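Engineer: Can you keep this structure in mind? I'll have questions shortly.
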Amino acid sequence: ELKVEQNPLFLSMQEGKNYTIYCNYSTTSDRLYWYRQDPGKSLESLFVLLSNGAVKQEGRLMASLDTKARLSTLHITAAVHDLSATYFCAVDTGNQFYFGTGTSLTVIP
Amino acid sequence: GAVVSQHPSRVICKSGTSVKIECRSLDFQATTMFWYRQFPKKSLMLMATSNEGSKATYEQGVEKDKFLINHASLTLSTLTVTSAHPEDSSFYICSATQGWQPQHFGDGTRLSIL
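So the protein sequences, as listed, match chains A and B.
If you read the first sequence in the numbering used here, its first letter stands for residue 1, the second for the next number, and so on.
If you read the second sequence in the numbering used here, its first letter stands for residue 1001, the second for the next number, and so on.
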């Protein structure tokens, strides 16, 4: 069974600081997604990573994919309060689509 | 704007009632639709994958007779929670995709069974 694990599960950080969220998965995949979820809301697509070495950036968030290590990272630069949310990675193997455990981020002013 | 519309957004009903949730793709033909369930502060759990015109493929542990999925057209899939009970209370999210395109998610339905 495919396992998708995120670390950390909970993250509290001050505004202006940097941090990285990790997404490890247990099988081969060339398609990895990052989503944001605000409380009580559905998912907002952030990034789609389709190949080894892919790097995408949007604002203060940057995502990368290392398919050999089966690892994706979501890096937060100079965090602001508006980034507080839960972040999920999701892996698509073609046959399976599974979400990571989620990382609940709270940015403290 | 939204490309996947999910309706209703919130349902509260008595135990034993059947509840239908609709998921529509608004501006594309969805060859595949997915239904997810999410418990508070947990990740999304895939319940079933639905291809237009064929029976849904359910994930292990998901009761087919409890969660009826119909994907009658390329723009509409429905999830019916039959004879719902309090343990069925959850946040249900659908998504739709066309071919290898990324999934587009609906806004979710919060179901509360009293």
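Here a beta-carbon is modelled for each residue, glycine too, at the ideal position from N, C-alpha and C.
Quantities reported herein were computed from a predicted structural model and do not represent experimental measurements.
1. Compute the Euclidean distance between the alpha carbons of A:Thr27 and B:Ala1030, then round it to the nearest angstrom.
2. Which complete alpha helix (DSSP H) runs does the segment 24-64 of chain A hold, if anything under 4 residues is left out?
3. Starting from the N-terminal side, write out each stretch of the beta strand (DSSP E) that is 3 residues or longer and does not extend beyond the segment 1065-1103 of chain B.
4. So which residues of chain A does B:Ile1093 contact, with C-beta pairs closer than 8 Å?
5. Return no unless some Cβ of chain B is closer than 8 Å to the Cβ of A:Phe97.
6. On a Cα-Cα basis, can you pick out the residue from B:Phe1028, B:Cys1013, B:Ile1012, B:Gln1006 that is closest to B:Thr1075?
7. So with CB distances below 8 Å, who are the chain A contacts of B:Asp1027?
8. Using a Cβ-Cβ cut-off of less than 9 Å, list which residues of the segment 1026-1055 of chain B approach chain A; keep chain order.
9. In whole angstroms, what separates the C-alpha of B:Thr1078 from that of A:Tyr98?
10. For B:Phe1067 and chain A, any beta-carbon pair shorter than 8 Å?
11. If the cut is a Cβ gap below 9 Å, which residues of chain B does A:Thr101 touch?
12. Of all the options A:Tyr35, A:Lys68, A:Arg31, which has the alpha carbon lying nearest to the alpha carbon of A:Ser104?
13. With 8 Å as the threshold, decide whether the Cβ of A:Phe88 is near any Cβ in chain B.
14. Indicate whether A:Ile21 and A:Leu71 have their beta-carbon atoms separated by less than 8 Å.
15. Is the segment 75-92 of chain A in contact with the segment 53-65 of chain A, if contact means three or more CB pairs nearer than 8 Å?
16. Assess contact between the segment 36-55 of chain A and the segment 84-92 of chain A, defined as three or more Cβ pairs (one per stretch) separated by less than 8 Å. Is contact present?
17. Once DSSP output is grouped into helix, strand and coil, what is the label at A:Asp66?
Structural biologist: Straight from the coordinates:
1. 27 Å
2. none
3. 1067-1073, 1076-1081, 1090-1097
4. Ser42, Leu43
5. yes
6. B:Phe1028
7. Those do not exist, as B:Asp1027 stays about 16 Å from chain A at its closest Cβ, beyond 8 Å.
8. Phe1034, Tyr1036, Gln1038, Lys1041, Lys1042, Ser1043, Leu1044, Met1045, Leu1046, Thr1049
9. 21 Å
10. So, not an interface residue.
11. Lys1042, Ser1043
12. It is A:Tyr35.
13. yes
14. Cβ atoms of A:Ile21 and A:Leu71: not closer than 8 Å.
15. yes
16. yes
17. strand
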